[in-house]
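Just below is one structure, and these are the notes that go with it.
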Amino acid sequence: MYDLLISSIRKNPFIRILIPFIIGIVLCINIDFSSFISISIFTVSSLAFILFSLKKQKFSQVWISGILINLIFISAAMFLTQSLNEKAIKNLDSNKQGNLIGIIDKEPKIMEASTKVELNIIALKNQEQWIETSGSSILYIENNEEVKNLKIGDKIIFTPDLQEVENKGNPEEFDYKKYLSYNLILSTDYLSSSEWKILKEDKNLKLQHRFSRFRNKLIELLQANNLKDDELAVVSALALGYQDSLSDELRHAYSSAGAMHILAVSGMHVGIVYGMIIFLLSFFKSEKLRLPKVFLSIILVWAYAFLTGLSPSVSRAALMFSIMALGNIQKHKSSSLNAVAASAFILLLINPYNLVKLGFQLSYIAVIGIILLNEPIYQLVNPKNKIIDKIWSLTAVSLAAQIVTAPLGMFYFNQFSNYFLITNYLLIPISSVAIWMIIIVFILSPIPVLSAFVSKILVYIIKAMNFCALGIESLPFSVSNDIYINLPQLVLLYLIIIFVFIFFFNSKLYRHLVYALGFIIIFLGISLFNDLETSKQKYFIVYNMNKSTVINIINANKNIVFASLDAEIEKNIEYSAKNNWLKKGLEQQKYVDLSTKTNLFLANLISISDSEIFYKNNFISFSNLRVYV
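Per the numbering used here: the sequence shown = residues 2 to 630.
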């Protein structure tokens with residue numbers, strides 16, 4: 002394995018750069034370094050490398066150069082990450098006084114009482130002087146007619162009372178503060194109708210904002226072609242990356258079926274669009290047009306990436322296709338792994354916090370799995386029949402991607418879609434046809450009769466997609482829920498996968514099978530330790546929840562929740578407590594409704610079914626605690 006690793010790194014030089022760069026980002030995100038440390042390491046390492054390079058090196062000393070180069074890239078990544086952190090913190094402090102001007106950076110989200118707006122702050126008025134500044138904030142603006150007309154790229158001026166984003170403090174709840182900080186958003190504010198106003202239309206919109214507005218026009222065009230409700234929502238997500246219109250039912254169905262990657266614009270979608278571009282350009286045969294065709298294909302791919310919002314997965318695919326297309330200019334076949342590493346390095350150079358974004362992680366781990374595992378899996382069968390070959394080819398790609406992304410899916414979402422192969426067999430071909438049809442609708446839009454005809458066919462295709470997703474979700478055992486693995490177990494799963502596949506494709510390397518078995522034993526040992534901890538645990542938890550009292554008593558594997566219940570509160574409890582329950586090995590919770598008038602001792606004792614927990618006359622007794630609620 003060591004020889005294979007060294008060989009891969011030598012053949013793919015960008016991997017040499019990427020690994021230390023990632024290490025630097027991880028160090029900076031998890032450890033609070035000052036900029037002075039990273040600058041010092043960078044300066045000393047750079048000077049040492051220059052001095053060492055001027056001397057004639059012995060072969061036995063080459064490793065010293067390697068260490069110095071790694072330190073240079075580690076410290077550079079640390080400094081870049083720290084610079085973004087310090088800029089965000091500085092602007093949080095400076096933006097608390099005076100008036101602020103900001104540009105709406107994401108599509109406003111209209112809610113029941115307010116509209117959520119992500120704002121890029123560009124100017125601060127303090128003591129009668131405008132100062133250029135930067136930073137991001139989330140505003141909740143009281144709903145009125147003017148708010149409903151806000152759109153991406155609009156400038157607003159407001160009187161701020163910015164507050165630092167804080168979590169509720171519930172154990173293991175989603176860390177919203179950290180999530181926003183990775184997007185360099187540290188503050189939030191609520192604005193009444195009188196505390197803000199929209200400024201005159203800015204003609205110098207950012208390119209990304211122009212594409213976002215154009216995307217909205219395309220959605221309006223789809224509506225004009227009689228697409229509506231779920232069909233419009235799926236088409237908008239599938240081709241344009243706009244997911245806000247998707248209903249909870251559809252989201253759940255596609256998620257349970259293992260098909261959210263189809264609705265989230267990703268490398269597959271960019272690949273289909275790129276293939277369509279290459280197909281259309283192939284009609285121009287002249288050798289003189291070879292270079293213009295390459296550059297035109299790159300421009301069009303990036304136009305699509307901007308149109309869909311430049312998510313990490315789309316940016317990765319656009320960068321990879323660009324690198325490969327540029328390599329084809331000299332008729333030089335680029336290494337796929339090197340292209341992957343190069344695209345990752347560029348995206349991390351632009352924003353180091355891309356590393357902790359789920360889309361970035363899933364996209365890169367999936368494409369690496371496909372590059373490394375697809376061909377070996379495909380060669381296991383290698384069918385002669387063309388139809389079976391196509392099916393097996395799709396199977397190999399699906400297996401390669403699923404094997405490497407499943408651990409991340411279980412770590413983040415606590416679930417595994419059991420029928421992912423059936424999903425891919427059905428939905429990938431249908432969605433590919435749908436994307437072609439959507440583009441044809443856009444192309445034919447100047448001829449309403451034709452675009453309306455194609456859109457009718459498109460509606461039936463999308464209905465078929467939704468029918469398949471809902472059907473797969475309804476199958477028995479369609480999804481395994483409530484799977485919990487911690488970070489060490491996640492690492493162990495990937496080590497097991499690596500060593501199993503090395504042995505699988507080279508059965509002479511028996512020691513790698515032994516390594517895999519060793520990691521499996523450690524993985525099971527951690528699970529056993531967690532089970533032992535579950536049998537001894539006792540917790541009395543009061544959750545911080547809006548307008549409701551929620552008390553959670555955990556006694557070994559018993560999980561009792563006291564709350565004034567309705568559907569909304571139960572949903573909020575699940576959101577706040579689910580991760581904590583999974584971590585503590587609890588499979589099912591029992592609810593005791595505090596709002597019921599029949600506060601009878603016997604009835605509640607039967608409901609609780611735990612001799613150490615009593616609830617009577619609004620008193621909860623557990624262990625040595627007695628609490629009035």
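The C-beta atom is built at its ideal place from N, Cα and C for all residues, glycine as well.
Go ahead and label isoleucine 473 buried or exposed: buried means 16 or more other beta carbons lie within 10 angstroms of its beta carbon, across all protein chains shown. Numbered from 1 along the sequence shown, position 472 holds the residue referred to as residue 473. With 16 or more other Cβ atoms within 10 Å, it is buried.
Kindly indicate which three-state DSSP category glutamine 164 falls into: helix, strand or coil? The residue given as residue 164 occupies position 163 in the sequence shown. Residue state, collapsed to three classes: strand.
What residues in its chain sit with their C-beta under 6 Å from that of alanine 78, if we drop five residues either side in the sequence? By one-based count along the sequence shown, residue 78 stands at place 77. Taken in chain order, the residues that qualify are Phe22, Gly25 and Ile26.
Counting Cβ pairs, one atom from each stretch, are 3 or more of them under 8 Å apart for the region 280-300 and the region 451-471? no
Meets three-Cβ-pair contact criterion under 8 Å: the region 543-551 and the region 523-533: no
Looking only at its own chain, which residues have a Cβ that is under 7 Å from the Cβ of valine 630, when we skip the five neighbours before and after it? Taking the first residue of the sequence shown as position 1, residue 630 is located at position 629. Closer than 7 Å at the Cβ level, and outside the excluded window around valine 630, lie Thr550, Ile552, Phe563, Leu595, Asn619 and Ile621.
Indicate whether proline 313 and asparagine 355 have their beta-carbon atoms separated by less than 8 Å. As a first step, residue 313 is located in the sequence shown; it is residue number 312 there, counting from the start. As a first step, residue 355 is located in the sequence shown; it is residue number 354 there, counting from the start. Yes, the Cβ-Cβ distance between proline 313 and asparagine 355 is below 8 Å.
Who are threonine 116's beta bridge partners in DSSP? Your numbering for residue 116 matches position 115 in the sequence shown. DSSP output for threonine 116 lists Ile111 and Ile142 as bridge partner(s).
Go to glycine 103, then tell me how far its beta strand (DSSP E) extends in each direction, as first and last residue. Counting from 1 along the sequence shown, the entry for residue 103 is found at position 102. Here the beta strand (DSSP E) through glycine 103 covers 100-105.
May I ask you to report which of helix, strand or coil DSSP gives serine 188? As a first step, residue 188 must be located in the sequence shown, where it is residue number 187. Of the three classes helix, strand and coil, the one that applies to serine 188 here is strand, per DSSP.
Just to confirm the assignment: which complete alpha helix (DSSP H) runs, minimum length 4, are found wholly within the region 447-528? 449-475 and 488-506
Output the distance between the C-alpha atoms of leucine 308 and histidine 270, rounded to the nearest integer angstrom. To locate residue 308, count along the sequence shown from 1; it is residue 307. To locate residue 270, count along the sequence shown from 1; it is residue 269. Distance between the alpha carbons of leucine 308 and histidine 270: 13 Å.
Relative to the alpha-carbon of glycine 154, which residue among Leu206, Pro353, Gly310 and Ser188 has its alpha-carbon at the smallest distance? The count along the sequence shown starts at 1 and reaches residue 154 at position 153. Per the Cα distances, Leu206.
Could you check the C-alpha separation between serine 624 and tyrosine 495 for me, to the nearest Å? As a working mapping, residue 624 is identified with position 623 in the sequence shown. As a working mapping, residue 495 is identified with position 494 in the sequence shown. Going from the Cα of serine 624 to the Cα of tyrosine 495 covers about 42 Å.
Would you call the region 506-524 in contact with the region 465-480, where contact means no fewer than 3 C-beta pairs closer than 8 Å? no
Under the three-state reduction of DSSP, which class applies to serine 536: helix, strand or coil? For the purposes of this step, residue 536 is taken as residue 535 along the sequence shown, with counting starting at 1. Residue state, collapsed to three classes: helix.
Shortest alpha-carbon distance to tryptophan 125 belongs to which of Glu167, Pro377, Lys117 and Gly136? For the purposes of this step, residue 125 is taken as residue 124 along the sequence shown, with counting starting at 1. Checking the sequence shown, residue 125 turns out to be leucine, not tryptophan. It is Gly136 whose Cα lies nearest to the Cα of leucine 125.
Strand pairing of tryptophan 64, partner residues [DSSP]: Walking along the sequence shown from the start, residue 64 turns up at place 63. Partner(s): none; tryptophan 64 has no beta bridge.
Between which two residues does the beta strand (DSSP E) containing lysine 591 stretch? Translated into positions along the sequence shown, residue 591 becomes position 590. Its beta strand (DSSP E) spans residues 591-594.
DSSP state of asparagine 531 mapped onto helix, strand, coil: Position 530 of the sequence shown, counted from the start, is the residue given in the question as residue 531. Note: asparagine 531 maps to helix in three-state DSSP.
Assigned secondary structure, tyrosine 243 (DSSP; H/G/I helix, E/B strand, else coil): The residue labelled residue 243 in the question sits at position 242 within the sequence shown. Residue state, collapsed to three classes: coil.
Let me know if threonine 599 comes out buried or exposed under the rule of 16 or more other beta-carbons within 10 Å of its beta-carbon. Counting from one through the sequence shown, the residue named residue 599 turns up at place 598. Low confidence applies here, because threonine 599 scores a pLDDT of 48, under 50, leaving its location unreliable and the question unanswered by this model.
Below 8 Å on the Cβ atoms is my guess for glycine 272 versus valine 368; work out the distance and round it to an integer in Å. Along the sequence shown, read from residue 1 onward, the residue named residue 272 stands at position 271. Along the sequence shown, read from residue 1 onward, the residue named residue 368 stands at position 367. Not confirmed; about 11 Å, so no contact.
If we count the other Cβ atoms within 10 Å of its Cβ and call it buried at 16 or more, is lysine 152 buried or exposed? On the sequence shown, position 151 is the one that residue 152 refers to. Burial call: exposed.
Once the 5 residues before and after serine 446 are set aside, which same chain residues still bring their CB inside 6 Å of it? Counting from one through the sequence shown, the residue named residue 446 turns up at place 445. Cβ within range, chain order: Leu222 and Ser452.
What is the DSSP secondary structure of isoleucine 199, counted as helix, strand or coil? Translated into the one-based positions of the sequence shown, residue 199 becomes position 198. Three-state DSSP puts isoleucine 199 in a strand.
Where phenylalanine 159 and tyrosine 243 are concerned, what is the direct C-alpha to C-alpha distance, given to the nearest angstrom? Position 158 of the sequence shown, counting from 1, holds the residue named residue 159. Position 242 of the sequence shown, counting from 1, holds the residue named residue 243. Spanning the two alpha carbons is a distance of roughly 28 Å.
Isoleucine 157 and lysine 198 - do their beta-carbons sit closer together than 8 Å? The residue given as residue 198 occupies position 197 in the sequence shown. The residue given as residue 157 occupies position 156 in the sequence shown. It is a contact, given that the beta carbons lie within the stated cut-off.
Cα separation between isoleucine 42 and isoleucine 65? By one-based count along the sequence shown, residue 42 stands at place 41. By one-based count along the sequence shown, residue 65 stands at place 64. Going by the C-alpha atoms only, they are around 15 Å apart.
Which residues in the same chain have their Cβ closer than 6 Å to the Cβ of arginine 317, if we skip the five residues on either side of it in sequence? Here residue 317 corresponds to residue number 316 of the sequence shown, with the count starting at 1. Taken in chain order, the residues that qualify are Ser344 and Ser364.
Of the listed residues Gln416, Val357, Cys29 and Tyr461, nearest to asparagine 227 (C-alpha basis): Translated into positions along the sequence shown, residue 227 becomes position 226. The candidate whose alpha carbon is nearest that of asparagine 227 is Tyr461.
Might you give, ordered along the chain, the residues of its own chain that have their beta carbon closer than 7 Å to the beta carbon of alanine 326, omitting 5 neighbours on each side? Counting from 1 along the sequence shown, the entry for residue 326 is found at position 325. Correct list, in chain order: Val295, Ser298 and Ile299.
Please state the DSSP three-state secondary structure of lysine 385. As a first step, residue 385 must be located in the sequence shown, where it is residue number 384. Correct three-state label for lysine 385: coil.
Determine the contact status of glutamine 1 and serine 479, defining contact as a CB-CB distance below 8 Å. Since the first residue of the chain shown is 2 and the last is 630, residue 1 is not available in this structure.
I'd like to know whether the C-beta of aspartate 390 is nearer than 8 Å to at least one C-beta of chain B. Absent here is chain B; the protein component of the structure consists of one chain.
List the endpoints of the continuous alpha helix (DSSP H) containing lysine 572. Translated into the one-based positions of the sequence shown, residue 572 becomes position 571. First-last of the alpha helix (DSSP H) with lysine 572: 568-584.
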